[in-house]
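Trainee: My numbering puts the first residue of the sequence shown at 56, with every later residue one more than the last. This is the structure I want to talk about, given as structure tokens.
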Amino acid sequence: MDITVEQPLPAPLSPPVLGIDMGGTNLRHALVDAAGGTVRSSSEPLPEDLGLRAHAPSRVAARYRDTAAAIGLAVAGTVEDGVLVWSANLGLHDVDFRARLGEGFSGPVVVLNDARAAGLAEAVLGAGREATSVLSITVGTGIGGALILDGRLVEGTGQAGEIGHMVIDPSGPPCNCGRRGCWEQLAGGRALARAAAELCPGEADPVACLVARAEAGDGPARATIDHAAELFGLGIDNLCAVLAPEVIILGGGIMARAGLVSDAYRTAARSTIWGGRTLIRDSRLGDAAGHLGAALAARAALA
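So this is what it looks like as structure tokens:
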């Protein structure tokens, strides 16, 4: 007599999710599988027109609505409940991206700050993947951050990670947040540009001029960079005293540009009192971190 052995059906493959990163100049997007691998990716410049710019992510999402199970958007600015409240880099405010991306789409939509998205990706897929507590620091025009514990982004009441607005010097320069002496106003890219403009008036790229003068042995130029690095290290030390993360990941435009400034910042980050047991690592994912982090957040919303 014949015996029929039923073979189990193969497990269905998890559908990909769409991750979109809306930076200051470009819109990067990718379909990402359950393992964090990129199925399909693309990049395009953001429109100059603000109205078209605000609709750019939803135009991208429309191409993938029949393919993606969820959509994640990382955006450079302050995000509350899916709404971009304000963004200096994008020139947009009060844009309900979650509603726009969700039009005609049945899956979940997640919108989060780009620094938090990048930190999540680095913690899960990049430089912090073996650690249980990761602090990601993005050093660009300003300073952004993300705290990830056991692979989950810590959001607190909604704005956890605004480390650039930690006050370092109450009598320091004013900040857009309404206070003075915030960390990013003393050690971010905008702070370096302001200091460089004083030493290199009239230069098209004052920061490049500042670095060139410092490398040539100019004392005031080198002192300016060293002072910014010292204040950067002070912020790192404060964060280590409170959070004591296993790993700190340094990313963003300033850290990605090899040279005197990023070297000085790394040295300062490793020369702290409270961070002696914290590993300082560079970002591994680079420009892909934003859309990968958005995809990870979207995947989590499916659970």
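Ideal placement from N, C-alpha and C gives every residue a C-beta, glycine not left out.
Quick check on DSSP: helix, strand or coil for N293?
Mentor: Correct three-state label for N293: helix.
Trainee: Counting only the same chain and skipping the five closest in sequence on each side, list residues whose C-beta sits under 8 Å from that of R108.
Mentor: Excluding residues within five positions, the ones whose Cβ falls inside 8 Å are L101, P102, L145, G146 and L147.
Trainee: Out of T333, R153 and I198, which one is the CA nearest neighbour of A283?
Mentor: For A283, the nearest C-alpha among the options comes from I198.
Trainee: Sort C237, P71, S97 and F160 by Cα distance to L289 and report the nearest one.
Mentor: Among C237, P71, S97 and F160, the Cα nearest to that of L289 is on C237.
Trainee: Could you check which residue in H346, N168 and T333 has the C-alpha nearest to that of V297?
Mentor: The candidate whose alpha carbon is nearest that of V297 is T333.
Trainee: Nearest-angstrom Cα distance between H336 and F152?
Mentor: For clarity, residue 336 is Arg in the given sequence; the question names His instead. Their Cα atoms are separated by approximately 33 Å.
Trainee: Taking 7 Å as the limit between beta carbons, can you name the residues of its chain near C295, skipping five residues before and five after?
Mentor: If we look at C295 and ignore the five residues flanking it on each side, its Cβ neighbours are T327, W329, G330 and T333.
Trainee: Please go through the segment 171 to 208 and give each complete beta strand (DSSP E) segment of 3 or more residues, from N-terminal end onward.
Mentor: As far as the segment 171 to 208 is concerned, its whole beta strand (DSSP E) runs of at least 3 residues are 188 to 194 and 198 to 204.
Trainee: Looking at V166 and L202, is the spacing between their C-beta atoms short of 8 Å?
Mentor: No, they are not a contact pair.
Trainee: If you drop the 5 nearest sequence neighbours on each side, which residues of the same chain put their C-beta closer than 6 Å to that of I192?
Mentor: Taken in chain order, the residues that qualify are G200 and L305.
Trainee: To the nearest angstrom, how far is it from the Cα of E135 to the Cα of D281?
Mentor: Near 36 Å, if we compare the C-alpha coordinates of D281 and E135.
Trainee: How long is the line joining the alpha carbons of A276 and G159, rounded to whole angstroms?
Mentor: If I take the Cα positions, the gap works out to 55 Å.
Trainee: Please state whether DSSP places T212 in a helix, a strand or coil.
Mentor: Coil, per DSSP.
Trainee: Run through DSSP, which three-state label would M221 get?
Mentor: Note: M221 maps to coil in three-state DSSP.
Trainee: Return the CA-CA distance between I372 and D104, expressed in angstroms with no decimal places.
Mentor: Beyond the ends of the chain as shown, which are 56 and 358, falls residue 372; an answer cannot be given.
Trainee: Got a sec, what are the start and stop residues for the beta strand (DSSP E) I126 sits in?
Mentor: Element bounds for I126: I126 to V130.
Trainee: Would you mind working out which of A117, A131 and G106 sits nearest T80, comparing C-alpha positions?
Mentor: The candidate whose alpha carbon is nearest that of T80 is A131.
Trainee: Which first and last residues belong to the beta strand (DSSP E) in which T322 is found?
Mentor: Note, T322: premise wrong, no beta strand (DSSP E); alpha helix (DSSP H) at L315 to A324.
Trainee: Which of the three DSSP states, helix, strand or coil, is assigned to P100?
Mentor: It is a strand residue.
Trainee: Quick check: the Cα distance between A343 and A271, rounded to an integer number of angstroms?
Mentor: Their Cα atoms are separated by approximately 35 Å.
Trainee: On the three-state DSSP scale, how would you describe S113?
Mentor: S113 falls in the helix class under three-state DSSP.
Trainee: Quick one: is A352 buried, meaning 16 or more other Cβ sit within 10 Å of its Cβ, or exposed?
Mentor: The residue is buried, with at least 16 neighbouring Cβ atoms inside 10 Å.
Trainee: Looking at C-alpha atoms only, which residue of A90, P112, G106 and A89 is the closest neighbour of S97?
Mentor: Checking every option, the nearest Cα to that of S97 belongs to P112.
Trainee: With H, G and I counted as helix, E and B as strand and the rest as coil, what does DSSP make of L305?
Mentor: Of the three classes helix, strand and coil, the one that applies to L305 here is strand, per DSSP.
Trainee: Skipping 5 residues on each side, what residues in its chain have a beta carbon closer than 6 Å to that of A186?
Mentor: Cβ within range, chain order: E301 and V302.
Trainee: Taking only the alpha-carbon atoms, compute the straight-line gap between M221 and R235 and give it to the nearest angstrom.
Mentor: Taking the straight line joining both Cα atoms gives about 10 Å.
Trainee: Closer than 8 Å by C-beta to G227: which residues in its own chain qualify, once you throw out the five before and the five after it? Chain order, please.
Mentor: The answer, listed in chain order, is R235, G236, C237, Q240 and L241.
Trainee: Note down, in chain order, each residue of its chain lying with its Cβ closer than 7 Å to the Cβ of A215, except the 5 sequence neighbours on either side.
Mentor: Excluding positions up to five away in sequence, the list reads L202 and V209.
Trainee: Name the residue from N231, T279, R245 and C230 whose alpha carbon lies nearest to the alpha carbon of L254.
Mentor: Among N231, T279, R245 and C230, the Cα nearest to that of L254 belongs to T279.
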